[in-house]
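So the structure is just underneath, and the comments pick up after that.
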Ligand SMILES: [Zn+2]
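What follows is the structure in structure tokens.
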């Protein structure tokens with residue numbers, strides 16, 4: 200059973216280390232989605248423990264593909280052709 204302290208540490212490290220043994224040799228498995236939550240199973244390859252990361256949808260960003268391209272009239276030196 201994980202202590203609250205171990206959980207807190209895990210979250211502070213953004214889930215990069217096993218909360219049981221501290222190894223960074225962890226492997227994320229399948230994710231399940233439920234409403235605005237995502238649950239991802241994680242396995243430690245060092246101590247073989249498993250746990251579940253809980254993610255919540257907090258924000259969205261527009262796709263970078265929609266960024267406007269630089270106008271072709273910009274010269275190589277960065278000045279804009281008139
Ligand atoms: Zn471990």
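In the numbering used here, the protein residues as written are 200 to 281.
In this text, a Cβ means the ideal position worked out from N, Cα and C, and glycines have one as well.
{"Item": "Any non-hydrogen atom of ligand 1 closer than 7 angstroms to residue 248 Cβ", "Value": "yes"}
{"Item": "Unbroken beta strand (DSSP E) run spanning residue 255, endpoints", "Value": "249-255"}
{"Item": "Candidates 214, 218, 213: closest to residue 204 by CA position", "Value": "218"}
{"Item": "Under the three-state DSSP convention, the category residue 233 falls into", "Value": "strand"}
{"Item": "Contact test: residue 202 Cβ vs ligand 1 heavy atom, cutoff 7 angstroms", "Value": "no"}
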